[in-house]
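*Asks:* Each protein sequence line maps, in turn, to chains Z and X. Heads up, the first sequence is in the working numbering, so the first residue is 6 and it goes up one at a time. Heads up, the second sequence is in the working numbering, so the first residue is 55 and it goes up one at a time.
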Amino acid sequence: MLTRGETVLQKQAEQALREGRPAEALGGYRRLLNNVRALGGAYETWLAGMLAAYHKLGLRRMGGYLLLALRRFDEAQSAFDPATSPYEWALCAENMGRQQEAAAVLRSAGLPTSAAMALERAGDGQGAVGQWRAALLHERLRGHPYQTALAHFNLARVLRHIGESKPALVESTTAQRLLEACADDFETRGERDRALDCYGVLLRLGKDTGSFENLAEGYLNSIRLLAGSEQRSLVLQYYDDFLEVASAAGEWHAAAMLAGEAADFSVGLGQMYHRYYRQRAVSLWHEAARQNLLAGGPVEVSENALAASIDVAASLGDLHIIGRLYSALAELDLPSDKQARYAELAARRRGSRPSPPVESPPAEHWRRQDAYPEVWLQDLVEWELAGHPAWVLARLVVQPQALIATNRAALRALLVAADEDFSLENAGRSAELALALGEVMVYEVLRPIEELASHPAALVRAAAAAAAGRTPHRRSFGIVRQALADSDATVRREALQSLRALHFRDAFASLAQLFRESADGEARQAALHAIGQIDTLEVGLFLIDVARQDPGAAGETALRYLRGRQTPGLASMIHHAAMVESGSVRKALEALLEG
Amino acid sequence: MQFSTGHGGGRRRYNRLAVPSPAAAEIAERELARQLATLSRARVRPEEAGAEVQAVAWWNGLARLGLDLPLVAVHDFGFLLARPAERVKLAAEPAVPDGPVAAYHGLLQEVARSESLPLFDRAPLRDEIVAILLARLLADAFRLWATQAKPASASSILPLVSPHYRRSLADLAGEWNSDWVVGFLDRVVEQGPNILARIDQFDLGPLRLLGYFAPGAGVSDLAGLYQLFSAPRGAGALDFCLDLVPSLLETRRRGSPQAFAVDGYASLEKRGPLDALLSSELAHDPDVFEVKALSDELLFYGHERPRDERRQVHGILIDGSVSMRGAREVFARGFAVALAKKLSLMGSMVWLRFFDSRMHRRVPAAALGGSDLPYLLGFRSEHGRHYARAFDDLAWELQAEKAQDLSLTIITHGQCHIPRSTVARLASLASLWGVFILPPPELVLDYLPLLRGHRLVTAETLARPADSRRAALALVDAVTVESRR
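This is the structure we're talking about:
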């Protein structure tokens with residue numbers, strides 16, 4: 006349903022177009038297209054009107070971008086010169102099923118990995134192998150070990166796909182070495198997310214090659230890096246998935262140990278799944294013992310495994326199963342004194358109450374669809390496009406997004422970036438682009454925003470800081486931190502606003518870190534404000550600590566956000582914190598409980 | 055959970071275990087008084103002097119393991135574990151009528167009457183062991199209490215000398231409300247059957263192993279020893295090692311050469327060419343001669359004063375990365391410790407170290423049995439693997455040390471892709487051996503030809519009981535014999 010203003014504006018634009026005033030019509034349509042949520046075909050009507058205006062103005066290339074959005078790729082392609090707009094031309098070719106042509110243009114444009122991906126999508130395995138090999142020799146990859154690792158990984162993947170197992174193994178080994186080194190370097194530099202990406206690729210390498218060692222390296226290091234973050238559901242998902250992998254591979258020891266660790270992780274977070282994981286650990290240790298005996302393995306291995314099973318069962322209070330496990334121990338071919346002892350212990354447990362019911366696993370809705378991002382392609386695309394705003398946005402316009410509004414916001418920003426008058430030297434237009442990128446709100450626009458965040462003009466840097474605040478991803482905090490340290494007050498002000506707005510669930514760890522490390526009172530307050538918007542027990546505990554230990558403004562803010570918070574388990578934590586405090590802090594905490 | 059900055063330098067630390075404003079000593083004193091006040095609820099009443107101090111010593115051990123329990127529980131359970139007389143006393147007491155303490159008292163009496171506890175009475179239990187046993191018994195209750203209702207403790211270590219020890223319990227209880235322990239004691243009572251089951255489980259195996267390496271050595275790595283008792287990986291590796299060690303003890307000690315001044319010759323040695331053999335040695339019976347020859351006990355003339363014979367050095371490098379998770383790490387660690395023992399008995403200087411993205415600290419084999427054995431068996435990597443860097447660092451290190459007569463055994467898995475150039479550098483500095491555990495069907499490592507030798511430990515090897523042991527011993531023999539050449 007159009008607003009009255011939109012209806013008027015549309016009529017004015019149509020009239021201007023009819024009356025041969027296309028520039029005026031264009032202005033009207035630009036304003037209309039700000040409404041990315043328009044329904045009922047109105048948006049497409051405005052696109053058509055704008056297209057007509059561009060044609061009348063002879064702006065074929067700009068019209069081409071609209072045709073991309075309208076998915077009229079054959080017409081769009083004719084608007085792009087492959088020499089000057091190679092990426093756009095190739096996008097059109099690909100979407101018309103002409104990947105070979107797309108690959109050729111991308112190759113000539115110095116985009117070798119994009120060319121390889123196009124050939125893969127064309128189903129041309131041999132061609133893709135040749136192109137990946139060529140990409141590895143390209144000067145662009147020199148000095149970029151992470152991207153080089155990804156290229157080797159992709160080459161190995163395609164080689165395996167076409168049945169070239171030996172060369173695939175060579176490339177996999179090279180990829181593995183590079184990924185290990187990159188992960189270590191990233192982690193040393195504090196770039197945790199990048200290190201996670203490396204382990205994600207290593208994990209996939211393990212799956213593709215059937216290498217349990219690489220699977221373990223990928224899963225367990227990812228869990229290690231994620232465990233300290235707010236991404237608890239992801240950690241549980243990784244635990245679950247690796248448990249299945251280890252069990253399927255017959256790595257019973259590893260699976261049983263992992264189930265125990267998953268249980269400990271769950272307890273540490275107050276989760277209810279710890280009993281489920283302990284029950285799994287009991288059965289996995291039992292299975293380890295059983296499989297060892299079936300394979301004719303040393304009886305001591307089975308004895309140890311059953312003892313480990315009993316240990317976990319004791320945590321569960323399952324005396325019935327403990328009795329059965331001692332009976333199993335007594336049946337092993339062990340020295341007679343040990344057998345007698347185990348039989349005696351089994352007898353003691355006879356008559357114990359039955360085992361508690363089997364616990365339910367974590368619900369499916371905990372699982373995230375994006376748990377295993379295919380960074381081996383995504384990250385190469387990002388690197389190769391190098392934050393080129395028109396290319397990044399054109400790709401977003403063409404790819405179906407979860408929300409139509411995202412495609413439309415990307416188009417809006419694209420029309421700014423691709424405009425004939427646009428220049429990065431023009432601070433006003435660059436700031437306009439930054440703000441438009443902020444409206445797209447997906448991960449891919451962060452790279453172009455990062456580029457704009459280092460612009461010489463404060464106006465642009467301020468706009469980039471504002472844009473970061475609208476993009477809910479941990480990577481946005483990098484831009485915000487940079488802006489908080491800016492010499493210009495306007496930029497810092499925008500950064501503070503953005504900080505207050507970044508209160509998505511995964512943001513807590515980044516916010517808490519910023520709060521701890523910043524010497525700027527305003528930044529700490531802004532971070533605390535954002536933290537206060539997140540409703541988890543961990544946040545509650547954090548706020549209690551701040552209230553206890555900071556007598557100033559931060560303590561007051563923390564108390565304010567604790568007031569009325571209904572997070573399960575929080576009230577008892579407040580109560581007990583009050584018990585070990587004294588004076589005004591104790592009074593303040595007690596007052597929270599009276600509310 | 056800790057929210058420390060790790061930056062120091064004036065930044066605030068938000069740590070749930072420490073309140074920063076009063077001085078640390080004052081905090082500790084206050085916490086001691088608060089904890090001592092809980093002893094007004096104790097059901098075990100030892101008559102020995104300094105019982106409270108003893109309980110606090112155990113409490114400190116538990117706190118180092120991250121378990122800051124109410125002192126009353128540490129006190130009661132600790133004395134039942136460590137003092138047979140207290141067990142007898144409590145077991146003989148009548149039951150307490152129903153009331154707030156009845157269930158707790160009843161549980162303690164069941165513990166006192168446990169048939170498994172007398173197993174520990176053969177020798178006095180050191181404080182570290184008591185702390186570990188208490189941790190094993192009460193960790194489950196602590197875990198439940200910590201997530202639901204636990205108040206933060208103010209200090210992590212309590213003083214063992216304080217005027218508070220001279221105060222009466224009534225005085226302390228009047229100053230500090232100990233209602234806060236009720237929640238924990240309720241959790242303990244809930245966990246009663248588990249506690250009794252755990253007592254049945256206590257395994258003295260680790261103490262046996264410690265005895266092989268350094269009788270009487272103290273154990274300072276409490277956390278490591280706790281891991282040894284609790285973690286399946288430690289127990290597995292331990293058992294594997296225990297299985298091997300008796301055979302390794304058959305290794306004869308290799309004596310060091312002795313020098314004596316003799317006419318016309320500079321010395322008598324225990325090594326030398328046959329033509330320098332002391333003629334009187336030929337007078338022995340053939341059997342005796344053979345034994346003396348094998349034992350390096352024959353005497354030879356030395357024509358010049360020999361240099362002190364350099365002892366061979368053997369480094370054992372164990373892959374500590376998470377890639378080894380499971381059966382691989384159990385075998386690797388047990389085998390590494392057993393190999394270290396054998397080489398030491400043969401007179402080599404042996405050190406062990408883990409690697410992942412770094413080379414970790416060297417552990418001299420002579421130190422095994424003290425604090426380092428738990429470390430070796432329970433080591434847990436906190437890094438990803440980066441073999442190129444770890445081994446490159448090692449090569450530089452060895453080059454700087456100008457190591458001589460050095461052998462290295464690398465115990466790892468089949469995806470340990472160290473750059474060939476790095477292995478070549480190492481091979482120029484030391485004799486290299488490889489042991490690859492559960493490798494893929496086809497082991498493809500481009501540096502294999504640079505090793506003096508390598509062995510594969512496959513699932514089949516591990517599966518056959520006698521062969522598993524024989525394989526391990528054969529590996530040990532192969533490495534040690536070759537390293538003597």
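Just so it is clear, CB atoms sit at the ideal spot from N, CA and C, and this is done for glycine as well.
Would a check of beta-carbon distances place Ala188 of chain Z closer than 8 Å to chain X?
*Replies:* Counted from its first residue, the first sequence places residue 188 of chain Z at position 183. Ala188 of chain Z counts as touching chain X.
*Asks:* Whole-angstrom Cβ separation of Ala386 of chain X and Ile372 of chain X, contact assumed at under 8 Å?
*Replies:* The sequence position of residue 386 of chain X within the second sequence is 332, counting from 1. The sequence position of residue 372 of chain X within the second sequence is 318, counting from 1. Contact flag correct, Cβ pair sits at about 6 Å.
*Asks:* Cβ of Thr178 of chain Z less than 8 Å from any chain X Cβ?
*Replies:* Position 173 of the first sequence, counted from the start, is the residue given in the question as residue 178 of chain Z. For Thr178 of chain Z, the answer is yes, since a Cβ of chain X falls inside 8 Å of its Cβ.
*Asks:* Between the segment 224 to 236 of chain X and chain Z, which residues of the former have a C-beta closer than 7 Å to a C-beta of the latter?
*Replies:* Residues Trp234.
*Asks:* By the DSSP assignment, the alpha helix (DSSP H) with Arg99 of chain X in it spans what residues?
*Replies:* Translated into the one-based positions of the second sequence, residue 99 of chain X becomes position 45. Premise fails: Arg99 of chain X is in no alpha helix (DSSP H) and is neither H nor E.
*Asks:* Using a Cβ-Cβ distance under 8 Å, would Asp531 of chain X count as near chain Z?
*Replies:* Position 477 of the second sequence, counting from 1, holds the residue named residue 531 of chain X. Closer than 8 Å: no.
*Asks:* List the residues of chain X that Ala221 of chain Z touches, going by C-beta distances under 7 Å, in chain order.
*Replies:* Numbered from its first residue, the first sequence carries residue 221 of chain Z at position 216. Residues of chain X passing the Cβ test: Val376, Ser377 and Arg379.
*Asks:* Kindly indicate which three-state DSSP category Met584 of chain Z falls into: helix, strand or coil?
*Replies:* Residue mapping note: residue 584 of chain Z aligns to position 579 of the first sequence, counting from 1. DSSP places Met584 of chain Z in helix when its eight states are reduced to three.
*Asks:* With a threshold of 8 Å between beta carbons, is Ser238 of chain Z in contact with chain X?
*Replies:* The sequence position of residue 238 of chain Z within the first sequence is 233, counting from 1. Not closer than 8 Å to any Cβ of chain X, the Cβ of Ser238 of chain Z fails to qualify, so no.
*Asks:* Find out if the Cβ-Cβ distance for the pair Val421 of chain Z, Glu437 of chain Z is shorter than 8 Å.
*Replies:* Mapped onto the first sequence, residue 421 of chain Z falls at position 416. Mapped onto the first sequence, residue 437 of chain Z falls at position 432. Contact: yes.
*Asks:* Cβ atoms of Ala391 of chain Z and Val402 of chain Z: under 8 Å apart, would you say?
*Replies:* Mapped onto the first sequence, residue 402 of chain Z falls at position 397. Mapped onto the first sequence, residue 391 of chain Z falls at position 386. Not a contact, by the Cβ cut-off of 8 Å.
*Asks:* On the CB-based measure, 16 or more other CB atoms within 10 Å of its CB, does Glu93 of chain Z come out buried or exposed?
*Replies:* The residue you call residue 93 of chain Z lines up with position 88 of the first sequence. Per the 10 Å Cβ criterion, buried.
*Asks:* Buried or exposed: which applies to Ser58 of chain X, given that a residue is buried once 16 or more other Cβ atoms fall within 10 Å of its Cβ?
*Replies:* Taking the first residue of the second sequence as position 1, residue 58 of chain X is located at position 4. Any reading at Ser58 of chain X must be qualified, since the residue scores a pLDDT of 30, below 50, and its modelled position is unreliable; no value is offered.
*Asks:* Residues in the same chain with beta-carbon distance under 6 Å from Arg591 of chain Z, minus the five sequence neighbours each way, listed in chain order, please.
*Replies:* Here residue 591 of chain Z corresponds to residue number 586 of the first sequence, with the count starting at 1. The residues are Ala583.
*Asks:* Check whether the Cβ of Ala552 of chain Z lies closer than 8 Å to any Cβ atom in chain X.
*Replies:* Within the first sequence, numbered from 1, the residue matching residue 552 of chain Z stands at position 547. Chain X, which has no Cβ nearer than 8 Å to the Cβ of Ala552 of chain Z, makes this no.
*Asks:* What are the uninterrupted segments assigned as alpha helix (DSSP H) that are 4 or more residues long and contained completely in the segment 80 to 159 of chain Z, given in chain order?
*Replies:* With a minimum length of 4 residues, the continuous alpha helix (DSSP H) runs that stay inside the segment 80 to 159 of chain Z are 91 to 100, 104 to 113, 117 to 126 and 130 to 142.
*Asks:* Would you kindly work out how many angstroms separate the C-alpha atoms of Asp245 of chain Z and Trp230 of chain X, rounded to a whole number?
*Replies:* On the first sequence, residue 245 of chain Z is found 240 positions in, with the first residue counted as 1. On the second sequence, residue 230 of chain X is found 176 positions in, with the first residue counted as 1. Cα to Cα, Asp245 of chain Z sits roughly 46 Å from Trp230 of chain X.
*Asks:* Output, in sequence order along the chain, the residues in the segment 437 to 468 of chain X whose CB is closer than 9 Å to any CB in chain Z.
*Replies:* Going along the segment 437 to 468 of chain X in chain order, one finds His437, Gly438, Arg439, His440, Tyr441, Ala442, Arg443, His467 and Gly468 with a Cβ nearer than 9 Å to chain Z.
*Asks:* Here's a check: name, in chain order, each residue in its chain whose Cβ is nearer than 7 Å to the Cβ of Trp137 of chain Z, leaving out the five neighbours to either side.
*Replies:* Stepping through the first sequence from its first residue, residue 137 of chain Z is reached at position 132. Contacts found: Ala121, Ala156, Asn159, Leu160 and Val163.
*Asks:* Express the C-alpha separation of Glu335 of chain X and Arg307 of chain X in angstroms, rounding to a whole number.
*Replies:* Along the second sequence, one-based indexing puts residue 307 of chain X at 253. Along the second sequence, one-based indexing puts residue 335 of chain X at 281. Reliability fails at Arg307 of chain X, whose pLDDT of 43 lies under 50, so the model's placement of it is uncertain and the value that follows must be treated cautiously. For Arg307 of chain X and Glu335 of chain X, the distance between alpha carbons rounds to 21 Å.
*Asks:* Do you know offhand how far Pro311 of chain X's Cα is from Lys343 of chain Z's?
*Replies:* One-based indexing of the second sequence puts residue 311 of chain X at position 257. One-based indexing of the first sequence puts residue 343 of chain Z at position 338. Note that Pro311 of chain X scores 41 on pLDDT, short of 50, meaning its location in the model is unreliable; the coordinates nonetheless yield the value given after this. Spanning the two alpha carbons is a distance of roughly 46 Å.
*Asks:* Pop quiz: Val240 of chain Z and Phe270 of chain Z are said to be a contact at Cβ under 8 Å. What is the actual Cβ separation, rounded to whole angstroms?
*Replies:* Residue mapping note: residue 240 of chain Z aligns to position 235 of the first sequence, counting from 1. Residue mapping note: residue 270 of chain Z aligns to position 265 of the first sequence, counting from 1. Their Cβ separation, rounded to whole angstroms, is 6 Å, which keeps Val240 of chain Z and Phe270 of chain Z in contact under 8 Å.
*Asks:* In whole angstroms, what separates the C-alpha of Ala177 of chain X from that of Asn114 of chain X?
*Replies:* For the purposes of this step, residue 177 of chain X is taken as the residue at position 123 of the second sequence. For the purposes of this step, residue 114 of chain X is taken as the residue at position 60 of the second sequence. So the alpha carbons of these two residues sit roughly 22 Å apart.
*Asks:* Kindly say whether Arg182 of chain Z, judged by its beta-carbon, lies nearer than 8 Å to any beta-carbon of chain X.
*Replies:* In the first sequence, the residue the question calls residue 182 of chain Z occupies position 177. Judged by the 8 Å Cβ criterion, Arg182 of chain Z is in contact with chain X.
*Asks:* Classify Pro418 of chain X as helix, strand or coil using the three-state DSSP reduction.
*Replies:* Stepping through the second sequence from its first residue, residue 418 of chain X is reached at position 364. In the structure shown, Pro418 of chain X sits in a strand (DSSP, three-state: E or B).
*Asks:* Excluding the 5 residues preceding and the 5 following Phe409 of chain X in the sequence, name in chain order all residues of the same chain whose CB lies nearer than 6 Å to its CB.
*Replies:* Taking the second sequence and counting its residues from 1, the one referred to as residue 409 of chain X is at position 355. So the qualifying residues of the chain are Leu371 and Ala444.
*Asks:* May I have the straight-line CA-CA distance separating Gly468 of chain X from Gly557 of chain Z, to the nearest angstrom?
*Replies:* In the second sequence, counting from the first residue as 1, residue 468 of chain X sits at position 414. In the first sequence, counting from the first residue as 1, residue 557 of chain Z sits at position 552. If you take the alpha carbons of Gly468 of chain X and Gly557 of chain Z, they lie about 57 Å apart.
*Asks:* Taking only beta-carbon atoms, is His581 of chain Z less than 8 Å away from chain X?
*Replies:* Taking the first residue of the first sequence as position 1, residue 581 of chain Z is located at position 576. Cβ-Cβ to chain X under 8 Å: yes for His581 of chain Z.
*Asks:* Can you name the residues that DSSP bridges to Gly488 of chain X?
*Replies:* Residue 488 of chain X sits at position 434 when you count from the first residue of the second sequence. DSSP output for Gly488 of chain X lists X:Ile464 and X:His508 as bridge partner(s).
*Asks:* Within the same chain, show all residues whose beta-carbon is closer than 6 Å to that of Arg382 of chain X, passing over the 5 residues directly before and after it, in chain order.
*Replies:* Along the second sequence, read from residue 1 onward, the residue named residue 382 of chain X stands at position 328. For Arg382 of chain X, where only same-chain residues beyond five positions count, the Cβ hits under 6 Å are His467, Ile491 and Leu492.
*Asks:* At a CB distance below 7 Å, what residues from the segment 316 to 336 of chain Z approach chain X? Give them in sequence order.
*Replies:* Answer in chain order: Asp316, Ala319, Ser320, Gly322, Leu324 and Ile327.
*Asks:* Could you spell out where the alpha helix (DSSP H) holding Met446 of chain Z opens and where it closes?
*Replies:* For this step, residue 446 of chain Z is matched to residue 441 along the first sequence. Careful: Met446 of chain Z lies outside any alpha helix (DSSP H) and carries neither H nor E.
*Asks:* Assuming Asp198 of chain Z is part of the beta strand (DSSP E), what are its boundary residues?
*Replies:* Counted from its first residue, the first sequence places residue 198 of chain Z at position 193. No beta strand (DSSP E) contains Asp198 of chain Z, which is instead part of the alpha helix (DSSP H) from Arg197 to Thr214.
*Asks:* The alpha helix (DSSP H) with Leu489 of chain Z in it runs from where to where?
*Replies:* For the purposes of this step, residue 489 of chain Z is identified with residue 484 of the first sequence, where counting begins at 1. Ser481 to Leu489 is the extent of the alpha helix (DSSP H) around Leu489 of chain Z.
*Asks:* Run through DSSP, which three-state label would Val150 of chain X get?
*Replies:* For the purposes of this step, residue 150 of chain X is identified with residue 96 of the second sequence, where counting begins at 1. If DSSP states are grouped into helix, strand and coil, Val150 of chain X belongs with coil.
*Asks:* What three-state label does DSSP hand Leu212 of chain X in the structure shown?
*Replies:* Within the second sequence, the letter at position 158 stands for residue 212 of chain X. Leu212 of chain X falls in the coil class under three-state DSSP.
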